[in-house]
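**Student:** Before I ask anything, let me first share the structure, which is written out below as structure tokens.
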Amino acid sequence: MLFAQSSMTVLVASNTYWCLRTINEVDNFLYCEFVTEFVSFYDLNEDPYQLHNIVYALDMNTLEKLSERLRHLRECSGSSCERFSSSDWEQHLSQTTAAPQAEKGTS
Numbered sequence: 003m004l005f006a007q008s009s010m011t012v013l014v015a016s017n018t019y020w021c022l023r024t025i026n027e028v029d030n031f032l033y034c035e036f037v038t039e040f041v042s043f044y045d046l047n048e049d050p051y052q053l054h055n056i057v058y059a060l061d062m063n064t065l066e067k068l069s070e071r072l073r074h075l076r077e078c079s080g081s082s083c084e085r086f087s088s089s090d091w092e093q094h095l096s097q098t099t100a101a102p103q104a105e106k107g108t109s
């Protein structure tokens, strides 16, 4: 029996990703960004099995903050990461992003 071979394009999905796992008195969520530009957000109080990606239900400001926090955590090292993993990370984030803007205004 002979089988004809044909050229095929095979798409290979990548599972390379970075995530924020946040659990505290108020929040219990998982936010992930994949190298394929897929983004997910799961409210683990409501959806513990991660069946419903609700990333599109989030407002743009929240998405930007989560993405920025994740970027900072990916780029930091050692004790400098603590400020982005603490409960007051939004305050640190605004201080970090405000500093370069202030410098630009003085030049």
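Sequential numbering from 3 applies to the sequence shown in the numbering used here. A virtual CB, placed ideally from N, CA and C, is assigned to each residue, including glycine. Treat the numbers as computed from the prediction; the structure is a model and nothing was measured.
Just the Cα atoms here: how many angstroms apart are Q52 and F43?
**Tutor:** For the purposes of this step, residue 52 is taken as residue 50 along the sequence shown, with counting starting at 1. For the purposes of this step, residue 43 is taken as residue 41 along the sequence shown, with counting starting at 1. The straight-line gap from Cα to Cα measures roughly 9 Å.
**Student:** If you draw a straight line from the alpha carbon of N30 to that of D45, how long is it in whole angstroms?
**Tutor:** The count along the sequence shown starts at 1 and reaches residue 30 at position 28. The count along the sequence shown starts at 1 and reaches residue 45 at position 43. Between N30 and D45, the C-alpha separation is close to 6 Å.
**Student:** May I ask you to check if the CB of L46 is nearer than 8 Å to at least one heavy atom of the ligand FMN?
**Tutor:** This structure lacks the ligand FMN; in fact it carries no ligand of any kind.
**Student:** How far does the alpha helix (DSSP H) with N47 in it reach, from first residue to last?
**Tutor:** Taking the first residue of the sequence shown as position 1, residue 47 is located at position 45. Counting along the chain, N47 falls outside any alpha helix (DSSP H), and DSSP gives it neither H nor E.
**Student:** For the alpha helix (DSSP H) holding N30, just list the boundary residues, first then last.
**Tutor:** Reading the sequence shown from its first residue, position 28 is the one you call residue 30. Run containing N30: none in the alpha helix (DSSP H); it sits in the beta strand (DSSP E), 30-36.
**Student:** Note the first and the last residue of the continuous alpha helix (DSSP H) segment covering T64.
**Tutor:** To locate residue 64, count along the sequence shown from 1; it is residue 62. That run of the alpha helix (DSSP H) goes 62-77.
**Student:** Measure from the alpha carbon of M62 to the alpha carbon of each residue in L75, E84, D49, V41, then state which is nearest.
**Tutor:** Reading the sequence shown from its first residue, position 60 is the one you call residue 62. That would be V41, whose Cα lies nearest to the Cα of M62.
**Student:** Which stretch, first to last residue, makes up the beta strand (DSSP E) that contains C21?
**Tutor:** Residue numbering aside, residue 21 sits at position 19 when the sequence shown is read from its first letter. C21 -> beta strand (DSSP E) spans 19-25.
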